[in-house]
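Each protein sequence line maps, in turn, to chains H and G.
Oh and the first sequence: position 12 is 1452 in my numbering, straight run, nothing missing.
Oh and the second sequence: position 83 is 295 in my numbering, straight run, nothing missing.
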Amino acid sequence: SQTIHQWPATLVQPVGSPLSLECTVEGTSNPNLYWYRQAAGRGLQLLFYSVGIGQISSEVPQNLSASRPQDRQFILSSKKLLLSDSGFYLCAWSVPGGTIYFGEGSWLTVV
Amino acid sequence: AQSVTQLGSHVSVSEGALVLLRCNYSSSVPPYLFWYVQYPNQGLQLLLKYTSAATLVKGINGFEAEFKKSETSFHLTKPSAHMSDAAEYFCAVRGTDKLIFGTGTRLQVFP
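1. Within its chain, find whatever has a CB closer than 8 Å to the CB of Thr1443(H); leave out the 5 residues flanking it on each side and keep chain order.
2. Alpha carbon to alpha carbon, what distance is there between Leu1461(H) and Ser1490(H)?
3. Would you be able to state if there are at least three C-beta pairs under 8 Å between the segment 273-293 of chain G and the segment 1516-1523 of chain H?
4. Name the DSSP bridge partner or partners of Val1551(H)?
5. Compare the beta carbon distance of Ala229(G) and Ala298(G) with 8 Å and say whether it is the shorter of the two.
6. Listed from N- to C-terminal order along the chain, which residues in the segment 299-322 of chain G have their beta-carbon within a distance smaller than 7 Å of any beta-carbon of chain H?
7. Please identify, using Cβ separations under 8 Å, the residues of the segment 246-263 of chain G that lie next to chain H, in order along the chain.
8. Which residue wins for smallest C-alpha separation from Cys303(G), given the options Asp309(G), Lys261(G), Tyr251(G)?
9. Rounding to the nearest angstrom, what Cα-Cα distance links Pro243(G) and Arg306(G) in this structure?
10. When you compare each of Phe322(G), Tyr251(G), Phe313(G), Glu283(G) to Gln214(G) by their alpha carbons, which one comes out closest?
11. Based on the DSSP secondary-structure assignment, which residues constitute the bridge partners of Gly307(G)?
12. Using a Cβ-Cβ cut-off of less than 7 Å, give me the residues of the segment 1486-1502 of chain H that come near chain G, in sequence order.
13. In chain order, what residues of the same chain have a beta carbon less than 6 Å from the beta carbon of Thr284(G), not counting five sequence neighbours either side?
14. Tell me where the beta strand (DSSP E) around Glu1466(H) begins and ends.
15. Are Val1500(H) and Leu1516(H) touching if we call contact CB-CB under 8 Å?
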């Protein structure tokens, strides 16, 4: 069966520091991969999605970037965090055209 | 472009009462629709999905939803609420390679 892992689960970072959140999927090949953000009291915002290695689509201009160095690995990064980057970050995967399944999420607090 | 609107950011019911969470969609093509549940500090879990088969869809934990094209609705119901149903619920419609979420409805269940 397929599983998705993302880490770290919780992160407290100072303003201006870098960020790296990692996500891996097991048990499938060539999945679509997604990063969503959920800010406090708000819904889910799609940040990036990828349909293949090195292919990244950005939904919202922002301080973050994403990379897909391997088929089942998706990384969310920032060079310099802002206070507004705080939130709950969710990685997700799907087969093309299929149901989207989510990881357990990563809490980021920028202080 | 596809979109969903969830009516009511908060819904409160008594234990044993009917749960009704409302979702209306907009789509230029036959939609694929989803309901997800999010328990505190966790990722999203798929409750049920509509993919153009039966209009009444049964999901996990006793929830079901009915697709009504004439009303562009996909409301989520459960005949009898349980304390463990307290969570946030998200309606979503599938766009090209991604899910578009509503803003969520927080369900409170009182004893």
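Here a beta-carbon is modelled for each residue, glycine too, at the ideal position from N, C-alpha and C.
All values reported here derive from a predicted model rather than from experimental measurement.
So, to answer that:
1. Val1465, Glu1466, Gly1467
2. 16 Å
3. no
4. Answer is none; Val1551(H) lacks a bridge partner.
5. No, the Cβ-Cβ distance between Ala229(G) and Ala298(G) is not below 8 Å.
6. Residues passing the 7 Å Cβ filter: Phe302, Asp309, Lys310, Leu311, Phe313, Gly314, Thr315, Gly316.
7. Phe246, Tyr248, Asn253, Gln254, Gly255, Leu256, Gln257, Leu258, Lys261
8. Lys261(G)
9. 7 Å
10. Phe313(G)
11. Lys310(G)
12. Leu1486, Tyr1489, Val1491
13. Excluding sequence neighbours, Thr284(G) sits near Asn236, Tyr237.
14. 1459-1466
15. Cβ atoms of Val1500(H) and Leu1516(H): not closer than 8 Å.
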